[in-house]
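From first to last, the protein sequence lines are chains R and G. Here the first sequence stands for residues 13 to 268, where the numbers follow my numbering. Here the second sequence stands for residues 2 to 269, where the numbers follow my numbering. The beta-carbon is built from N, C-alpha and C at its ideal position, and this holds for glycine as well.
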Amino acid sequence: MLIPPNPDTPLVKIENASKCFGDTIVLDRINFSAKKGDFVSLVGPSGCGKSTFLKLIAGLHLASEGSVTIDGLDPKNAREEMAFIFQDANLLPWRRVLSNVELSSQLRGVSKRKRQETAREVLELVGLSHALRHFPWQLSGGMKMRVSIARALTLSPKLLLLDEPFGALDEMTRDKLNEDLLRIKARDGWTAFFVTHSAAEAVFLSNQIIVLSAKPGRIAEVINVKLPAFRDADLRETSEYLRQVANVSRSIRKAH
Amino acid sequence: MNKLKAIFLPFISGILLLGIWYSVAFVYAKNEGYEVQRIVIPFPHQIVEALWDERAILWIATRQTAFAALVGFIAAVTFGYVLSMLLASAVWVKRSLYPWILVLQMTPVVVLAPIFVLWIGQGLPSITAITFMIGFFPVVANTTMGLISTDRNLIELFEMSNASKTQEIAYLRVPYAMPYFLTGMKIAGTLAPIGAIAGDLFAGSSQGGVGGIGFMVILYNSQVKVPELFATAFVACFLGFIFVGCVNWLHWMLLKNWHESVRATDIE
Numbered sequence: 013m014l015i016p017p018n019p020d021t022p023l024v025k026i027e028n029a030s031k032c033f034g035d036t037i038v039l040d041r042i043n044f045s046a047k048k049g050d051f052v053s054l055v056g057p058s059g060c061g062k063s064t065f066l067k068l069i070a071g072l073h074l075a076s077e078g079s080v081t082i083d084g085l086d087p088k089n090a091r092e093e094m095a096f097i098f099q100d101a102n103l104l105p106w107r108r109v110l111s112n113v114e115l116s117s118q119l120r121g122v123s124k125r126k127r128q129e130t131a132r133e134v135l136e137l138v139g140l141s142h143a144l145r146h147f148p149w150q151l152s153g154g155m156k157m158r159v160s161i162a163r164a165l166t167l168s169p170k171l172l173l174l175d176e177p178f179g180a181l182d183e184m185t186r187d188k189l190n191e192d193l194l195r196i197k198a199r200d201g202w203t204a205f206f207v208t209h210s211a212a213e214a215v216f217l218s219n220q221i222i223v224l225s226a227k228p229g230r231i232a233e234v235i236n237v238k239l240p241a242f243r244d245a246d247l248r249e250t251s252e253y254l255r256q257v258a259n260v261s262r263s264i265r266k267a268h
Numbered sequence: 002m003n004k005l006k007a008i009f010l011p012f013i014s015g016i017l018l019l020g021i022w023y024s025v026a027f028v029y030a031k032n033e034g035y036e037v038q039r040i041v042i043p044f045p046h047q048i049v050e051a052l053w054d055e056r057a058i059l060w061i062a063t064r065q066t067a068f069a070a071l072v073g074f075i076a077a078v079t080f081g082y083v084l085s086m087l088l089a090s091a092v093w094v095k096r097s098l099y100p101w102i103l104v105l106q107m108t109p110v111v112v113l114a115p116i117f118v119l120w121i122g123q124g125l126p127s128i129t130a131i132t133f134m135i136g137f138f139p140v141v142a143n144t145t146m147g148l149i150s151t152d153r154n155l156i157e158l159f160e161m162s163n164a165s166k167t168q169e170i171a172y173l174r175v176p177y178a179m180p181y182f183l184t185g186m187k188i189a190g191t192l193a194p195i196g197a198i199a200g201d202l203f204a205g206s207s208q209g210g211v212g213g214i215g216f217m218v219i220l221y222n223s224q225v226k227v228p229e230l231f232a233t234a235f236v237a238c239f240l241g242f243i244f245v246g247c248v249n250w251l252h253w254m255l256l257k258n259w260h261e262s263v264r265a266t267d268i269e
């Protein structure tokens, strides 16, 4: 039975979802929907359940109550449509860059020729064509993260889940990766959930920011970022951008 | 410069040690006579002579011990790996078996040796079994550790790709456990010649010619052939070096590209 897709159906729908580990309530009755093409950042004090939120969407954790659906499907059945980018780059140290990027499609049984072709393509997109034969230990932190992004892009996901991917990088590298991420998004048009500690990063990337409060994690506020759709490095110098960053920072402080 | 030192310094210290040995033996000979000195602390050149005179028989003994060590080692590595896979396959398997494996490991193999002889008889079968027992546990302990300690994030990465259990084992757990397995294998490799010689001491026999190195030790000892005993020690040491050298080479070959333990210098 095939149900025709409804353009107004949200891609990600979270209804009354709670998550407990033992007696601890980590997330408490979360309600949120994201449309196709949204870039949603999750910010909040540490320990507020940002990563848990993301893993609920990925189906890596199951909601204790309530429901999470992706395109109307249970997250576990929607894995084909999403990719997860982990906190550290999470590369297999025994594989070269190219074959690390091939991993996801290899696990899905894509033919060797086809997956190499795709891997080369996405590596070019993230600017790593020169490093195909390198091993992960030969790469800088920023390059490793680029490989990780490339790996996530190989299966043309509709939904990208990023768990504080740039947290360990220096500011310059982080800014550059933010710009590249938006450039790739403009090309591919996926939807993203992005966990971060940085208000500036959240404002730069997102059209919506979820501010979580801690213990238990609840949605304290959803902020709509009113900035132009096209954004580049120059945006960081505008007063409107700085004002919004200050606004988000204040909101995070209040959520404590 | 450093390379030169690495060769030069051991050479100097070797000469020095030889000198000390000669002087002690010489002083001993002056006090007790050369006959006694020969069977208490022989001159190095007497050891070399003994080695040359006994070369044929020692060569056969070494071959036999090397064979027993190799068979026992390969069996230990193979069965060790298979058992590790089994132990890592499910928590209940490990919970039920691991304590008993530890009990067996804590039992010194030399105590078990006479029982092996009783069960499977004198000679090569027992010697191999003793070698196997000694090398088996380090392989199991290390490999199991590697298989079950696989990075949680990497497992989640595989889960996100809907990887099957077989894919997870083949592409993740086995390579992840490789350094652990090879560490176990290195320990087994160091122990294998020792195990084969110890096994020979208990279960060695001269059926069909001569026994292994352990058997020669018993023989020379009973005949008070002390220079020959030293020569045997030298041969055993040589065998150990070859064994460990081969295993280390394998370790290096398999991990050189990616693992910290063998990566000498960064390329960039």
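Between residue 160/G and residue 71/R, what straight-line distance do the alpha-carbon atoms span, to the nearest angstrom? Using only the alpha carbons, I get a separation of about 9 Å.
Where does residue 90/G fall in DSSP's three states? Shown here, residue 90/G sits in a helix according to DSSP, grouped into three states.
For residue 230/R, three-class secondary structure by DSSP: In this structure, residue 230/R counts as strand in the three-state DSSP scheme.
Compute the Euclidean distance between the alpha carbons of residue 42/G and residue 86/G, then round it to the nearest angstrom. Using only the alpha carbons, I get a separation of about 51 Å.
Within its chain, find whatever has a CB closer than 7 Å to the CB of residue 99/G; leave out the 5 residues flanking it on each side and keep chain order. In chain order, 88 place their CB closer than 7 Å to the CB of residue 99/G, counting only its own chain and leaving out the 5 sequence neighbours on each side.
Closer than 8 Å to chain R by CB, residue 167/G: Taking Cβ atoms only, chain R never reaches closer than 8 Å to residue 167/G, which makes this a no.
Have a look at the DSSP bridge pairing and note the partners of residue 204/R. Bridge partners of residue 204/R: 51/R and 172/R.
Over the uninterrupted alpha helix (DSSP H) stretch that includes residue 85/R, give me the two end residues. Following the DSSP letters along the chain, one finds residue 85/R in no alpha helix (DSSP H), marked with neither H nor E.
Between the Cα of residue 50/G and those of 232/G, 213/G, 9/G and 124/G, spot the shortest distance and give me the residue it belongs to. Its Cα nearest to that of residue 50/G, the residue 232/G stands out among 232/G, 213/G, 9/G and 124/G.
Does the Cβ of residue 182/R have 16 or more other Cβ atoms within 10 Å, making it buried, or fewer, making it exposed? Burial is judged here by how many other beta carbons sit within 10 angstroms of a residue's own beta carbon; residue 182/R has fewer than 16 and is exposed.
Buried or exposed, going by whether 16 or more other CB atoms sit within 10 Å of the CB of residue 224/G? Per the 10 Å Cβ criterion, exposed.
Three-state class that DSSP yields for residue 78/R in the structure shown: Residue state, collapsed to three classes: strand.
Can you find at least 3 beta carbon pairs, one from the segment 188-208 of chain G and one from the segment 121-134 of chain R, that sit closer than 8 Å? Segments in contact, no.
Count the other C-beta atoms from every protein chain shown that fall within 10 angstroms of the C-beta of residue 186/R, then say buried if there are 16 or more, exposed otherwise. Residue 186/R is buried by the Cβ-count criterion.
Among 165/R, 101/R, 172/R and 99/R, which residue has its Cα nearest to the Cα of residue 24/R? Taking only the C-alpha atoms, the option nearest residue 24/R is 172/R.
Straight-line Cα distance separating residue 143/G from residue 150/G: A direct Cα-Cα distance of roughly 11 Å separates residue 150/G from residue 143/G.
What are the residues that DSSP puts in a beta bridge with residue 30/R? Beta-bridge partners of residue 30/R (DSSP): 77/R.
Please confirm whether residue 102/R has its beta-carbon closer than 8 Å to some beta-carbon of chain G. Interface residue, yes.
Say whether chain R places a C-beta atom closer than 8 Å to the C-beta of residue 162/G. Answer yes: the Cβ-Cβ gap between residue 162/G and chain R drops below 8 Å somewhere.
Reduced DSSP secondary structure (H/G/I, E/B, other) of residue 151/R: In this structure, residue 151/R counts as coil in the three-state DSSP scheme.
Opening and closing residue of the beta strand (DSSP E) in which residue 99/R lies: Here residue 99/R belongs to no beta strand (DSSP E), and DSSP marks it neither H nor E.
Counting only beta-carbon separations shorter than 8 Å, does residue 159/G have a partner in chain R? Residue 159/G belongs to the set of residues whose beta carbon lies under 8 Å from a beta carbon in chain R.
If I follow the unbroken beta strand (DSSP E) through residue 224/R, where does it start and stop? That run of the beta strand (DSSP E) goes 220-225.
Which listed residue (63/R, 212/R, 198/R and 36/R) has its alpha carbon closest to that of residue 251/R: That would be 212/R, whose Cα lies nearest to the Cα of residue 251/R.
CA-CA distance, residue 266/G and residue 121/G? Residue confidence is low: residue 266/G scores 46 on pLDDT, short of 50, so the model does not pin down where it sits. No coordinate-derived value is stated.
I'd like to know whether the C-beta of residue 259/G is nearer than 8 Å to at least one C-beta of chain R. By this cut-off, residue 259/G is an interface position.
Distance, residue 91/R Cα to residue 85/R Cα: Distance from the CA atom of residue 85/R to the CA atom of residue 91/R, rounded to whole angstroms, is 10 Å.
For residue 205/G, count neighbouring C-beta atoms within 10 Å of its own C-beta (all shown protein chains included) and say buried if the count is 16 or more, exposed if not. Residue 205/G should be labelled buried.
Please state the DSSP three-state secondary structure of residue 164/R. DSSP places residue 164/R in the helix class (H, G or I) of the three-state scheme.
Cross-strand partners of residue 234/G (DSSP beta bridge): Per DSSP, none; premise fails for residue 234/G.
Other residues of its chain near residue 106/G: CB distance less than 6 Å, five sequence neighbours each side excluded: Taken in chain order, the residues that qualify are 138.
Helix, strand or coil for residue 178/R per DSSP? Here residue 178/R carries a coil assignment [DSSP, helix/strand/coil].
What three-state label does DSSP hand residue 162/G in the structure shown? Coil.
Any idea what DSSP makes of residue 236/R, helix, strand or coil? Three-state DSSP puts residue 236/R in a strand.
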